[in-house]
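Protein chains in written order, with the working numbering: chain A, 1 to 96; chain B, 1001 to 1107. Each residue gets a CB set at the ideal place from its N, CA and C atoms; glycine is no exception. To keep things clear, I will list the structure first and then write my remarks on it.
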């Protein structure tokens, strides 16, 4: 399936709005499609970079670099923190 | 890298609201993809969640006075006006009435 579950998308949308905010069904479906497009967009850019550098595996930094190149700079700092935390958790898991 | 999801059992900072497996499937459909590290899938999943929040808030900020629900129009307005959302212009085009479109073409 090419799209993410609409229930999950809807939950995130609702959490982003003040309590009274409502979302029409066509808007939810539209955002659902757009998220898939977003994922493909970033992935293609990250993949291009990997190919140019003759690497076979896309890593977390490639994603961050792609996002910065494509104009999503405001995501970079929170994602860097997330990536650091993720690596910490994995490290703890594998060394315990 | 081991394909286990135990890595996000820890705190809420690593908890994700979108299914990673589905994100991975979407990523794999992109052309010329070789390998995806586990962490790249996690980072994009987190980014996708942030994107939904961002897009929703941009649309909400464009609601006209008196209307409380977001409809398609707010999304297409946001895509039209915000450079960061321009990549969606084929998917979320502005809608025009057929009559107006025909008139424009006849001029």
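Here the stretch 27–40 of chain A lies against the stretch 1090–1097 of chain B, with 3 or more beta-carbon pairs under 8 Å apart. Distance from residue 1017 of chain B to residue 1058 of chain B at the Cβ level is roughly 19 Å; contact not present, criterion being Cβ atoms closer than 8 Å. Judged by beta-carbon spacing, residue 1047 of chain B lies within the 8 Å limit of residue 42 of chain A, meaning their Cβ atoms are closer than that value. Burial state of residue 1104 of chain B is exposed, judged by a 10 Å Cβ sphere holding fewer than 16 other Cβ atoms. Within 10 angstroms of the beta-carbon of residue 60 of chain A lie 16 or more other beta-carbons, which makes it buried. Residue 1091 of chain B sits in coil when the DSSP states are folded into three classes, being neither helix nor strand.
In the structure shown, the three-state DSSP call for residue 1102 of chain B is helix. Boundaries of the alpha helix (DSSP H) harbouring residue 1081 of chain B: 1072–1081, taken from the DSSP string. Residue 63 of chain A has a beta carbon lying within less than 8 Å of a beta carbon in chain B.
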